[in-house]
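Chains as they are written, first to last, in numbering that gives the first Met the number 0: chain A, 0 to 138; chain B, 0 to 138.
There are 2 protein chains.
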Amino acid sequence: MSKQTRRAFLSAAGKTAAVAGVATLTGSTAMATPPAEKVFVHHVYFWLNNPESQEDKAKLIAGLQKLAKGAKTIKQHHIGTPSTTNRDVIERSYQVSWLLFFKNKAEQDVYQTDPAHLKFIEECSSVWKKVIVYDSEDI
Amino acid sequence: MSKQTRRAFLSAAGKTAAVAGVATLTGSTAMATPPAEKVFVHHVYFWLNNPESQEDKAKLIAGLQKLAKGAKTIKQHHIGTPSTTNRDVIERSYQVSWLLFFKNKAEQDVYQTDPAHLKFIEECSSVWKKVIVYDSEDI
Chain A
0 MSKQTRRAFL SAAGKTAAVA GVATLTGSTA MATPPAEKVF VHHVYFWLNN PESQEDKAKL
60 IAGLQKLAKG AKTIKQHHIG TPSTTNRDVI ERSYQVSWLL FFKNKAEQDV YQTDPAHLKF
120 IEECSSVWKK VIVYDSEDI
Chain B
0 MSKQTRRAFL SAAGKTAAVA GVATLTGSTA MATPPAEKVF VHHVYFWLNN PESQEDKAKL
60 IAGLQKLAKG AKTIKQHHIG TPSTTNRDVI ERSYQVSWLL FFKNKAEQDV YQTDPAHLKF
120 IEECSSVWKK VIVYDSEDI
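Written out as structure tokens, the structure reads:
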């Protein structure tokens, strides 16, 4: 997978709407849990249209912070920027990392159409040109 | 108020207080978002030489499990495989996800030359053809 457009991102978000109702039935409120518990890991990397724009980066980060508070099924979130580590195998061309833990796939599916998530996309998607998402489930 | 009446009143009041206390605790726990301590996020994705080989995948996973126990500075680890989620923006061609939290960059640097890490590379690197690493630091 290479470059993805805002349109593709929005379209992809829309496609999950059909399964959201089913996912809600199996969803439950997250309780305090030990760190070793198995989780669904949703990791998104953002590339900005204007990589050097501190204003755009701040806008995206503020949007993610608001999203973290508004989305109901997020267990844990981390907003990061590339470290200074620099080896051949390290991808460091992105600008913002958005790492989420969910209880399971169903709760991640709910997140895709959470009103807070849709609002975030509406308000912030103009600043990024590409996103790559890695969804993994703990063994 | 007789002694018996007073005793009954106090007993009832005590039960009410206890119930109220439990209700308050339950309410606050359900609403709480886990505090996200700032961490260094080291996320590695592995592509195997033989993506269909369950034996190679098992060997890699066993190596990572051993590494998780042996490396001294890992705060938290997650070994995962791609979810069934499937949208245009999702990268799902890798076989194994290895997500680590460190206290900071210095502790991640220690990990890179931890004997357990070097041993893991020596024992397992024959099974993979490609790795991509994303190192990010929480804002």
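Glycine included, every Cβ here is placed at the ideal spot set by N, Cα and C. On a predicted model such as this, the values are computed, not experimentally measured, just so you know.
(message) Please report the straight-line C-alpha distance between Tyr-110(A) and Lys-129(A), rounded to a whole angstrom.
(response) 20 Å
(message) Is there a C-beta anywhere in chain B that falls below 8 Å from the one on Phe-39(A)?
(response) yes
(request) Within the same chain, show all residues whose beta-carbon is closer than 7 Å to that of Val-126(B), passing over the 5 residues directly before and after it, in chain order. (result) Leu-47, Asn-48, Asp-55, Lys-58, Leu-59
(request) Consider the Cβ of Val-139(A): report whether some Cβ of chain B lies at a distance smaller than 8 Å. (result) Since the first and last residues shown for chain A are 0 and 138, residue 139(A) lies out of range.
(message) Quick check on Thr-84(B) - is its C-beta less than 8 Å from some C-beta in chain A?
(response) yes
(request) Report the rounded CA-to-CA distance for Val-38(A) versus Ile-131(A), giving the unit in angstroms. (result) Across the structure, Val-38(A) and Ile-131(A) are spaced so that their CA atoms are roughly 20 Å apart.
(request) Select from the segment 36–68 of chain B all residues with a C-beta closer than 7 Å to any C-beta belonging to chain A, and list them in chain order. (result) Val-38, Phe-39, Val-40, His-42, Tyr-44, Ile-60
(message) Can you give me the C-alpha to C-alpha distance between Leu-99(A) and His-42(A), rounded to a whole angstrom?
(response) 6 Å
(request) Please go through the same chain and pick out, in chain order, the residues whose beta-carbon is closer than 6 Å to the beta-carbon of Phe-119(A), but skip the five residues on each side of it. (result) Gly-62, Leu-66
(request) Could you please give the first and the last residue of the uninterrupted alpha helix (DSSP H) stretch that includes Tyr-110(B)? (result) Unbroken alpha helix (DSSP H) run through Tyr-110(B): 104–111.
(message) Suppose you measure from the CA of Thr-80(A) to the CA of Asp-134(B); what does that come to, to the nearest Å?
(response) 8 Å
(message) When you compare the CB of Ala-22(B) with every CB in chain A, is at least one pair closer than 8 Å?
(response) Model confidence at Ala-22(B) stands at a pLDDT of 37, short of 50, so the residue's coordinates are unreliable and nothing is read from them.
(message) Quick check: is the beta carbon of Leu-98(A) nearer than 8 Å to any beta carbon in chain D?
(response) The structure shown contains no chain D; the protein chains it does contain are A and B.
(message) If you measure between the beta carbons of Glu-106(B) and Ser-82(A), is that distance less than 8 Å?
(response) no
(request) Return yes when the Cβ of Ile-73(A) is within less than 8 Å of the Cβ of Phe-101(A), no when it is not. (result) yes
(message) Is Ile-120(A) close to chain B? Criterion is C-beta to C-beta, closer than 8 Å.
(response) no
(message) Quick check: what's the CA-CA separation for Val-40(B) versus His-76(B)?
(response) 10 Å
(message) Once DSSP output is grouped into helix, strand and coil, what is the label at Asp-137(B)?
(response) strand
(message) Between Ile-73(B) and chain A, is any beta-carbon pair separated by less than 8 Å?
(response) No, no contact with chain A.
(request) Could you pull out every residue in the same chain whose Cβ sits closer than 6 Å to the Cβ of Cys-123(B), ignoring the five residues on either side in sequence? (result) Leu-59, Gly-62
(request) Using DSSP bridges, identify the partner residues of Val-126(A). (result) DSSP output for Val-126(A) lists no bridge partner at all.
(request) Please report the residue range of the beta strand (DSSP E) in which Ile-78(A) lies. (result) 75–81
(request) Might you give, ordered along the chain, the residues of its own chain that have their beta carbon closer than 6 Å to the beta carbon of Asn-103(A), omitting 5 neighbours on each side? (result) Phe-39
(request) For Glu-136(A), go through chain B and note every residue whose CB falls closer than 7 Å to its CB, in chain order. (result) Gly-79, Thr-80, Ser-82
(message) On the CB-based measure, 16 or more other CB atoms within 10 Å of its CB, does Asp-87(A) come out buried or exposed?
(response) Here Asp-87(A) is exposed: its Cβ has fewer than 16 other Cβ atoms, across all protein chains shown, within 10 Å.
(request) Please compile the residues from chain A whose C-beta is within a distance smaller than 8 Å of the C-beta of Glu-106(B). (result) Residues of chain A passing the Cβ test: none, with the nearest at roughly 12 Å.
(request) Name, in chain order, the residues that DSSP records as bridge partners for Leu-47(A). (result) Trp-127(A)
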